[in-house]
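Chains as they are written, first to last, in this note's numbering: chain A, 1 to 252; chain B, 253 to 591. Heads up, the beta-carbon is just placed ideally off N, CA and C, and yes, glycines get one too. Just so you know, these numbers come straight off a predicted model, no measurement behind them. Notes follow the structure.
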């Protein structure tokens, strides 16, 4: 379980995360939605021990993030940020190998190599393993980063806007992949999404944030409601039932 | 059939970008030029004179006292400066930095000047230690300053570094001028190995030791090169790795400054060329950077000795001309790629 208890974070006089209490880990995929500046990324930073909360505690499987050893946390929780250094001339294999760092501390064992091979296979990256990251397309690169997270072999995976800059096909591909990871590999994934229809289709639960607070937290179908979404985004949203699934329309 | 089965059982070796022939070429050239460097100079030191003179002859004496120390110093300085540049580029996540473009060298020079004024009798080791401490301060100041730059633009970072270096450099020049020490300053600013001999080069081994440290921590530097968030996610103590990197950079800069003076562009150009050939994995890059850095300085030092033979021109002039040309090429080449 990832548990946040009354977590508050301020930058100067602005409160970015305001007394948030949440738990993740019960569902396969939780989508975190909300307008820009809602505090989603800050929340990830707090869980990923990049920021210290001004109040409240964050724990991962009972380990207090503030005091637990960073290498130990790295075997339980992986956080992938949106700002991935795409200019680095590392090969796909190099990157996936770094995913084993929390386990190997730089000395790879047979077990580590096995994990690396499986992650590369799972993401179907075998043909690209010798390629540099800056020679890959956006979709391939995102898959390489997810392969790294898989090799890290953590129960919890936090992804911050993994669909950024991807085309329709690759967005779908990544979301399907996350679904498979949750179902087949028993991962617990929390993902920040901007496209609420992707959230509705692939997530089990949607947490909506606005101005640092959680304004909705329910199974996907319940959050897909015109009134709820309007409150979250402060803009008119229509929800229609298409082929038995709720679809949000916000192109007015 | 059996081989195919065997291959699937054991994990396949990770394919590396195959540029082995380039590596071999660097190795062969480095060996050749290193040996050549032993036999270049005004006095006659050649295999023939060494054999005829025996172990007591002038040639053997010169080899031990002057030529060998010089060659060792040249090789180690080239290798370690390349590594200092590589580590700095990883810490800053910017391909256009090295100790010379970030104010580190200027801070270390200021430290050197201070030792001359305050502790004139200090041993070379002490001078280097003071210079290293100031280099460390310089690295810290630089990292602080660029943290304040909101947009980490590719070219803005080295520009800020050069400005920082300019400020510290002018303070140093001011004091050197007032204290009548401009000549010493000029001497350090011109990198040269002409005065290197036995008893006056051993500090380069300290720089070489830093290369070994860098090699041990290579994977950590690769990860740090992907950013603080990335490193923290993998359970790395980001600040600790940065601190180790800062020490490596400062000590190498100081050791080179004390033995040879400033050698521009090397730390910038060599890691960039290596990055183009085999990429940014530090563990793989270290032997390449060290080898290519050494080759570059050995070649330039030989040129410096031959162009106006029997006189020498300062090594930094040769390195500056060739390095600047390479740097321009790298800059223009980068612009043609989409960014």
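Listed along chain A is no residue with a C-beta nearer than 9 Å to that of residue 369 of chain B; the closest approach is about 44 Å. For the options B:307, B:552, B:528, B:506, the alpha carbon positioned closest to that of residue 440 of chain B is the one of B:506. Between the segment 372–384 of chain B and the segment 522–533 of chain B there are fewer than three C-beta pairs closer than 8 Å, too few to call the two in contact. The distance from the Cβ of residue 63 of chain A to that of residue 53 of chain A is about 15 Å, inconsistent with a contact at the 8 Å cut-off. Taking each of A:139, A:132, A:184, A:144 in turn and checking the Cα distance to residue 170 of chain A, the smallest one comes out for A:139. Here residue 209 of chain A is bridged, per DSSP, to A:214. For residue 210 of chain A, not one C-beta of chain B is nearer than 8 Å to its own C-beta. Unbroken alpha helix (DSSP H) runs of no fewer than 4 residues, entirely contained in the segment 295–340 of chain B, are found at 299–305, 310–314, following chain order. Within the segment 418–475 of chain B, no run of beta strand (DSSP E) reaches 3 residues while sitting entirely inside it. Between the C-alpha atoms of residue 182 of chain A and residue 94 of chain A there is a straight-line separation of about 25 Å. Closer than 8 Å to the CB of residue 94 of chain A there is at least one CB belonging to chain B. Ranked by Cα distance from residue 39 of chain A, the first of A:20, A:29, A:114 is A:20.
Per DSSP, residue 197 of chain A is one residue of the alpha helix (DSSP H) stretching across 196–202.
For the segment 501–529 of chain B, the beta-carbon criterion of a distance under 9 Å to any beta-carbon of chain A is satisfied by 527, 528. Residue burial is scored here from C-beta neighbours: residue 562 of chain B has fewer than 16 other C-beta atoms within 10 angstroms and is therefore classed as exposed. Annotation for residue 240 of chain A: no alpha helix (DSSP H) segment contains it, though the beta strand (DSSP E) segment containing it runs 238–242. Interface annotation, residue 132 of chain A: in contact with chain B, CB-CB separation under 8 Å. A contact between stretches requires three or more CB pairs, one per stretch, nearer than 8 Å, and the segment 352–372 of chain B fails this requirement with the segment 561–577 of chain B. Residues of chain A with a Cβ closer than 8 Å to the Cβ of residue 575 of chain B do not exist; the shortest Cβ-Cβ separation is about 21 Å. Look at the segment 68–84 of chain A: the residues with a C-beta under 9 Å from a C-beta of chain B are 69, 70, 71, 72, 73, 74, 75, 77, 78, 79, 80, 81, 83, 84. Within the DSSP bridge table, the entry for residue 32 of chain A names A:192, A:207 as partners. Cβ-Cβ separation between residue 331 of chain B and residue 577 of chain B: approximately 22 Å, too far for a contact (criterion under 8 Å). Around residue 50 of chain A, the beta-carbon contacts reaching into chain B at under 9 Å are 480, 481, 484, 485. Pairing residue 151 of chain A with residue 125 of chain A gives a Cβ-Cβ distance that is not under 8 Å. Under a criterion of Cβ atoms nearer than 8 Å, the residues of chain A adjacent to residue 471 of chain B are, in order, 98, 101, 106. Against chain B, the CB of residue 220 of chain A has no partner CB under 8 Å away; the residue lies outside that interface. Of the candidates A:162, A:92, A:25, A:11, A:25 places its Cα closest to the Cα of residue 3 of chain A.
Residue 470 of chain B is positioned such that its CB atom lies no closer than 8 Å to that of residue 476 of chain B. Taking CB atoms only, residue 477 of chain B has a neighbour in chain A less than 8 Å away. Chain B places no beta carbon closer than 8 Å to that of residue 144 of chain A, leaving this residue out of the contacts. In this structure residue 205 of chain A is not in contact with residue 215 of chain A, their Cβ atoms being roughly 14 Å apart against a cut-off of 8 Å.
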